[in-house]
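Protein chains in written order, with this note's numbering: chain A, 23 to 205; chain G, 19 to 561.
Just so you know, even glycine gets a beta-carbon here, dropped at the ideal spot from N, CA and C.
These numbers were taken from a predicted model, which means no experiment stands behind them.
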């Protein structure tokens with residue numbers, strides 16, 4: 023894997039640029055998300071950029087899976103609440119395979135490595151599965167938040183009908199039926 | 019479903035970006051319809067709530083019916099287009115600001131990337147300029163010569179069901195926080211455009227239940243929750259019992275007491291829901307410590323005014339209740355608790371709607387003698403300015419070490435910050451009750467503060483994803499302070515914030531909980547004759 027790792031490292035800038043661009047292209051207003059580098063003015067763009075950069079460096083360094091959680095979370099937590107299907111939400115991770123192939127095929131020194139990418143693909147696959155776990159954890163968290171808000175009791179108080187209005191309604195209905203009886 | 023061929027799938031996964039081409043815009047924005055699906059819209063108003071409100075004096079909420087945004091047919095009244103266009107004409111005549119906002123935008127784009135909904139979704143229709151354009155296009159078509167003659171070429175378009183659906187989608191993807199207005203060189207208040215959109219939608223019976231049920235409850239019992247006077251009083255007394263257990267101080271608030279000097283009004287969530295109740299305990303302790311001659315009202319038992327999110331007539335009616343109660347009780351002035359939009363209503367609309375409140379006196383602190391000239395017309399003082407004034411004059415004793423468990427940052431709630439300039443007072447209080455606290459980055463605080471993402475009655479669980487993505491810019495800044503200083507508390511001065519930021523933090527920065535500034539004051543307060551237990555978590559300590 024060292025040959026691949028070296029090639030990945032030497033192409034880091036190109037790979038990250040292409041990868042980030044393609045991930046941010048999944049947003050309708052991709053231009054703004056790509057251009058603004060202020061992390062507070064552009065939280066989606068900057069978190070995704072940071073997360074992808076981290077993930078790539080960890081992959082190249084052969085880091086253990088625990089290290090991937092934070093940068094993966096940085097990306098997936100956002101996509102889990104945006105209007106993506108589950109597949110679209112985690113697809114950016116898998117897209118790295120395509121990006122690396124694209125960059126390698128344009129670099130004559132790396133072209134020969136295209137057939138040796140299987141172990142790297144395996145790493146990306148594992149990462150994608152992690153991403154899916156995180157996606158599910160985020161969704162679970164959302165559902166729990168929903169339930170907590172429901173259980174907070176506001177409904178018990180607000181969904182009950184007004185007693186005096188009910189009395190009035192009953193009265194009206196009784197009057198109506200009395201009138202109908204008379205008729 | 020098509021049969022997936024294994025080799026084709028493998029090829030597409032590694033060589034083609036099929037899943038990645040989610041949402042590139044291929045059409046003009048006017049040609050992209052709003053699509054309603056579970057999770058991206060709040061539930062419509064229950065017909066019985068609307069019928070009740072429509073039966074009330076001074077307001078009009080016609081066309082109550084059961085309808086579903088996901089359905090093709092919204093069961094609109096037959097002449098709905100006429101109703102909308104007439105409604106717009108009427109509002110253009112009555113509100114000069116609306117006419118100006120419709121005409122003066124030069125589409126410079128300064129507002130475009132300032133909206134938290136845009137930043138969280140990337141949906142161009144969440145750019146304030148485009149959200150306003152949803153209405154402006156109809157205005158051009160119907161009310162300008164160029165639009166009448168040239169239609170689409172002049173930026174106009176016909177009022178269709180599609181446009182109405184788009185209005186419903188995006189008028190409820192705006193929290194009227196007004197961050198965009200800070201950046202607009204013409205001072206266009208986009209919140210008021212959203213308010214107009216919502217008013218027009220109400221004319222054809224399209225509103226959301228999370229707004230209208232609290233409005234209906236407030237109109238009926240005086241507060242959002244629909245608490246009866248007995249329940250309201252009971253809840254406050256329950257908090258007093260807790261306070262006595264914690265601090266040994268016996269607090270005896272009064273209710274509906276005629277002749278009190280001050281009427282205190284706060285959001286009902288402070289009386290009823292965590293973490294607001296701890297803020298409420300802070301108020302109760304503070305008033306006891308200084309011996310304030312005040313009363314609660316079980317009729318004006320709500321500071322919040324969801325009328326602001328509904329229609330100007332409804333806002334006026336709910337606001338008037340507070341003043342009617344102040345008059346009935348014969349108080350001198352009103353003290354208001356930590357609420358967001360209540361203060362926008364007071365500060366920006368009350369005076370021309372129901373004011374000036376000449377039957378009240380210009381508020382004067384009985385402890386310090388400070389006259390609150392800023393409230394000369396509305397006669398209503400914010401708890402933070404009142405507390406800051408007490409601290410400034412050395413009228414209360416505070417022990418910062420009692421907040422040793424708190425490492426805080428401060429969220430400027432949109433309305434107090436942007437609608438009334440309440441920037442320094444809460445900071446001054448925090449400086450006096452905490453050893454140290456940390457600011458969030460400059461472009462996310464004060465006038466530029468980011469909204470919690472769930473204001474204007476969007477605090478409902480069916481749109482949880484929407485709330486989480488619109489709250490991302492706020493949470494992202496909190497996360498930054500958390501990473502840097504390991505904070506554990508997000509202080510704020512708004513009841514909606516206390517509810518919504520709690521859920522927001524739980525998703526984005528779970529280590530951080532939310533507290534009202536008055537809770538932190540209550541924690542630090544030293545009261546004569548107290549018999550305080552070891553409160554390692556302040557007023558939240560379970561004893």
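Around residue 65 of chain A, the beta-carbon contacts reaching into chain G at under 8 Å are 137, 138, 490, 491, 494. A contact between stretches requires three or more CB pairs, one per stretch, nearer than 8 Å, and the region 140-148 of chain G meets this requirement with the region 49-56 of chain A.
Residue 542 of chain G and residue 421 of chain G have their C-alpha atoms some 6 Å from each other.
When the five nearest sequence neighbours on each side are left out, the beta carbons in the same chain lying within less than 6 Å of the beta carbon of residue 136 of chain G are those of 144, 145, in order along the chain. Leaving aside the five residues that flank residue 290 of chain G on each side, the residues in its chain whose CB is nearer than 8 Å to its CB run, in chain order, 243, 245, 253. Counting along the chain, the unbroken alpha helix (DSSP H) around residue 157 of chain A starts and ends at 140-173. Taking the Cα of residue 464 of chain G as reference, the smallest distance to any Cα among G:435, G:492, G:476 is reached at G:435. Taking a 10 Å sphere around the C-beta of residue 52 of chain G, we find 16 or more other C-beta atoms and assign the residue as buried. Residue 214 of chain G sits buried, since 16 or more C-beta atoms from the chains shown fall within 10 Å of its C-beta.
For residue 126 of chain G, the number of other beta carbons within 10 angstroms of its own is below 16, and it is reported as exposed. Per DSSP, the beta-bridge partners of residue 455 of chain G are G:426. When the Cα atoms are used, residue 140 of chain A and residue 524 of chain G turn out to be separated by approximately 39 Å. Inter-residue distance for residue 170 of chain A and residue 92 of chain A is about 26 Å (C-alpha atoms, whole angstroms).
Where residue 360 of chain G is concerned, there is no enclosing beta strand (DSSP E), although the alpha helix (DSSP H) around it starts and stops at 359-362. Taking 9 Å as the cut-off, the Cβ atoms of residue 530 of chain G and residue 506 of chain G count as close. At least one C-beta of chain G is nearer than 9 Å to the C-beta of residue 50 of chain A. For residue 365 of chain G, there is no enclosing alpha helix (DSSP H), as DSSP marks it with neither H nor E. Of the other Cβ atoms in all chains shown, fewer than 16 fall within 10 Å of the Cβ of residue 561 of chain G; this residue is therefore exposed. Listed by position along chain G, the residues whose Cβ is nearer than 8 Å to that of residue 100 of chain A are 487, 490. For residue 50 of chain G, the three-state secondary structure derived from DSSP is coil. Given a length threshold of 3 residues, each whole run of the beta strand (DSSP E) inside the region 485-519 of chain G is given here in chain order: 507-510.
Sequence-distant partners of residue 231 of chain G (beyond 5 residues in either direction) whose C-beta falls short of 6 Å from its own C-beta, in its chain, are 67. Annotation for residue 79 of chain G: 68, 71, 72, 220 place their beta carbon closer than 7 Å to its own, counting only its chain and skipping 5 residues before and after.
Rounded to the nearest angstrom, the gap between the Cα atoms of residue 199 of chain G and residue 439 of chain G is 14 Å. In the structure shown, the three-state DSSP call for residue 299 of chain G is helix. Contact between residue 280 of chain G and residue 545 of chain G does not hold, since their C-beta atoms are separated by about 19 Å, which reaches or exceeds 8 Å. With respect to chain A, the C-beta atom of residue 87 of chain G has no partner C-beta closer than 9 Å.
Residue 356 of chain G sits away from residue 407 of chain G, with the two beta carbons spaced by 9 Å or more.
Three or more pairs of CB atoms, one per stretch, sit closer than 8 Å, so the region 31-51 of chain A contacts the region 62-79 of chain A. One thing to note: residue 229 of chain G has its Cβ within 9 Å of the Cβ of residue 475 of chain G. Taking a contact as a CB-CB distance under 8 Å, the pair residue 432 of chain G and residue 467 of chain G counts as one, their CB atoms being some 6 Å apart. Among the residues of the region 33-63 of chain A, those with a Cβ less than 8 Å away from any Cβ of chain G are 44, 45, 47, 48, 49, 50, 51, 52, 54, 55, 58, 60, 61, 62, 63, in the order of the chain.
DSSP, reduced to helix, strand and coil, places residue 533 of chain G within a strand of the structure shown.
In terms of beta-carbon proximity, residue 130 of chain G lines the interface with chain A, with at least one pair separated by less than 9 Å.
By the CB criterion at 9 Å, residue 95 of chain A and residue 156 of chain A fall inside the cutoff. Looking at the DSSP output, residue 351 of chain G bridges to G:280.
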